[in-house]
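Sequential numbering of the sequence shown, starting at 17, is according to our numbering. Take a look at the structure set out below.
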Amino acid sequence: MRTKLDAVTLEVIRNALPAIANEMAADLQRTSYNMMIYEVRDFCTALVNVDGELISQNVGGVSHFVADLGVIITDAVKRYGRKGFKSGDVLITNHQAVAGQHLNNVVIYVPYFFKGELLAFSMVRAHWIDVGGTSTGFGAGPEVPDPWQEGLQLDQLKIYDGGRLDETLCRVIRDNIRFPESSLGDMNSQIASCKLGIRRLDELVRKYGRSTILKAIARIFDETETRCRNFVARLADGVYEAESFFDDDGVTPDERVRIHARVTVKSGNMTIDLSGCSRERKAAVNSRTLAGARVAYKAITAPLAPVNEGSFRALEVIIPEGNIMMARYPAPMAGWSIFVPTVVETIISSLASAMPDKIPAAHHGLLGGSVVFFGVHPKSKRRFVVQSIEGGGWGGRPFEDGE
Numbered sequence: 017m018r019t020k021l022d023a024v025t026l027e028v029i030r031n032a033l034p035a036i037a038n039e040m041a042a043d044l045q046r047t048s049y050n051m052m053i054y055e056v057r058d059f060c061t062a063l064v065n066v067d068g069e070l071i072s073q074n075v076g077g078v079s080h081f082v083a084d085l086g087v088i089i090t091d092a093v094k095r096y097g098r099k100g101f102k103s104g105d106v107l108i109t110n111h112q113a114v115a116g117q118h119l120n121n122v123v124i125y126v127p128y129f130f131k132g133e134l135l136a137f138s139m140v141r142a143h144w145i146d147v148g149g150t151s152t153g154f155g156a157g158p159e160v161p162d163p164w165q166e167g168l169q170l171d172q173l174k175i176y177d178g179g180r181l182d183e184t185l186c187r188v189i190r191d192n193i194r195f196p197e198s199s200l201g202d203m204n205s206q207i208a209s210c211k212l213g214i215r216r217l218d219e220l221v222r223k224y225g226r227s228t229i230l231k232a233i234a235r236i237f238d239e240t241e242t243r244c245r246n247f248v249a250r251l252a253d254g255v256y257e258a259e260s261f262f263d264d265d266g267v268t269p270d271e272r273v274r275i276h277a278r279v280t281v282k283s284g285n286m287t288i289d290l291s292g293c294s295r296e297r298k299a300a301v302n303s304r305t306l307a308g309a310r311v312a313y314k315a316i317t318a319p320l321a322p323v324n325e326g327s328f329r330a331l332e333v334i335i336p337e338g339n340i341m342m343a344r345y346p347a348p349m350a351g352w353s354i355f356v357p358t359v360v361e362t363i364i365s366s367l368a369s370a371m372p373d374k375i376p377a378a379h380h381g382l383l384g385g386s387v388v389f390f391g392v393h394p395k396s397k398r399r400f401v402v403q404s405i406e407g408g409g410w411g412g413r414p415f416e417d418g419e
């Protein structure tokens with residue numbers, strides 16, 4: 017076991033941590049039951065420390081899941097306390113008061129202990145094809161007025177408590193969803209992926225030692241922060257603004273939805289202020305997430321580098337409570353992702369004058385077109401469901417045509 021953090025050891029650990037998250041992702045795709053995971057890749061896998069800081073995350077998943085799992089851990093630690101977790105625990109949540117997305121995006125996570133000390137969590141967020149509610153699919157669309165009609169809410173519950181399965185909780189989930197084979201199959205895939213992450217992290221800690229791993233993570237955070245700050249420092253200090261509009265929210269006609277971004281650049285720091293966005297809506301198009309700002313910042317600063325907590329230390333995000341992007345529970349969020357891509361687009365567009373050689377033209381404005389069809393097979397009499405997301409076009413770039 018090594019205890020010294022030399023340059024070679026640092027590089028090995030720097031590459032090993034994202035590799036763990038990527039192996040978790042590959043395992044999830046191979047074992048999942050629904051195409052939203054194994055084809056659309058509507059999921060993320062990550063390692064997060066006890067303070068809710070992102071250690072590593074997979075590449076190739078849905079972009080608006082970037083670095084959004086930390087709030088789950090900080091909330092869980094607040095509720096359970098650091099001593100409230102034990103080896104063999106598996107937790108589940110999709111509750112919008114913290115998770116801030118539609119209920120289909122279910123988070124499973126497992127604590128990691130080394131010699132009795134809680135060091136981190138292995139986490140998977142994945143889209144289940146059904147969570148009950150008024151309709152299967154993507155949370156039943158913007159017409160759903162509240163989370164109770166959207167589906168089953170699971171608020172930081174233990175599926176396994178010290179290695180013992182909570183059969184009652186599993187029955188509650190099974191009895192309240194239309195496709196239990198798929199959703200519970202995905203749940204078990206998520207659990208297996210989390211446990212794989214725990215095994216790989218444990219191998220790393222046992223090989224190099226707790227102290228060396230923690231020092232390496234701290235160095236990686238610092239170096240990532242420096243890289244991002246250096247990029248922002250090359251931009252001219254100033255205030256940059258842009259806005260976009262939707263005709264309506266799908267429920268209230270002729271009432272436009274405003275997306276406004278005010279970006280302040282100063283001495284390597286960036287503040288993204290979304291206070292000018294519309295207030296939360298009755299339509300289920302609200303969210304409670306920093307995803308739009310973080311995705312835009314990551315795309316601007318270091319789009320190809322592995323993401324970790326250091327990626328966002330130089331970023332401040334301002335979103336007041338009651339904003340459409342920081343809606344208060346129980347504001348409906350079934351269509352939470354509808355506006356997020358345009359938030360990203362608007363933030364990036366605001367910097368067009370600061371980065372004229374980088375900023376592309378607008379894209380199609382949405383995450384994609386949702387495709388859902390379901391019914392009963394006429395011969396087998398079994399229920400079926402198919403879901404997908406089909407993307408649209410992208411604007412031209414200074415160095416390349418659009419598509």
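From the three backbone atoms N, C-alpha and C, an ideal C-beta is built for every residue, glycine too.
Item: Reduced DSSP secondary structure (H/G/I, E/B, other) of residue 314; Value: helix
Item: DSSP beta-bridge partners of residue 60; Value: 141
Item: Helix, strand or coil at residue 177 according to DSSP, with G and I counted as helix; Value: strand
Item: Residues bridged to residue 256 [DSSP beta-bridge criterion]; Value: 279
Item: Any non-hydrogen atom of the ligand HEM within 8 Å of residue 310 CB; Value: Absent from the structure shown: the ligand HEM. Ligands present: none.
Item: CA nearest to the CA of residue 168, picked from 192, 113, 145; Value: 192
Item: Nearest neighbour of residue 355, chosen from 329, 333, 235, 307 [CA to CA]; Value: 307
Item: Every unbroken alpha helix (DSSP H) within the stretch 198-262, with a cutoff of 4 residues, ordered by chain; Value: 226-249
Item: is_contact[residue 374, chain D] using C-beta, thresh 9 Å; Value: The displayed structure is made up of one protein chain only, and chain D is not part of it.
Item: Own chain, CB closer than 7 Å to residue 263, minus 5 neighbours either side, in chain order; Value: 272
Item: Chain-order list of residues whose beta-carbon lies under 6 Å from that of residue 376 (same chain, five-residue window excluded); Value: 411, 413
Item: Proximity of residue 159 and residue 299 at Cβ, strictly below 9 Å; Value: yes
Item: Bridge partners - residue 127, DSSP secondary structure assignment; Value: 137
Item: Touch test, the stretch 332-350 against the stretch 223-241, Cβ-Cβ under 8 Å, three pairs minimum; Value: no
Item: 9 Å Cβ cutoff met for residue 244 and residue 140; Value: no
Item: Whole-angstrom distance between residue 401 and residue 134, CA atom to CA atom; Value: 40 Å
Item: Residue 387 versus 260, 249, 406, residue with shortest Cα-Cα distance; Value: 406
Item: Touching by the beta-carbon criterion (3+ pairs, under 8 Å), the stretch 52-68 and the stretch 86-101; Value: yes
Item: Beta-bridge pairing of residue 289 - partner residues as DSSP gives them; Value: 278, 334
Item: Assigned secondary structure, residue 358 (DSSP; H/G/I helix, E/B strand, else coil); Value: helix
Item: Helix, strand or coil at residue 297 according to DSSP, with G and I counted as helix; Value: coil
Item: CA-to-CA distance, residue 267 to residue 147, given in whole angstroms; Value: 23 Å
Item: Range covered by the alpha helix (DSSP H) that runs through residue 86; Value: 86-96
Item: In DSSP terms, what residue 392 is bridged to; Value: 399
Item: Boundaries (first-last residue) of the alpha helix (DSSP H) holding residue 47; Value: 23-47
Item: Residue 176 beta carbon less than 9 Å from that of residue 207; Value: yes
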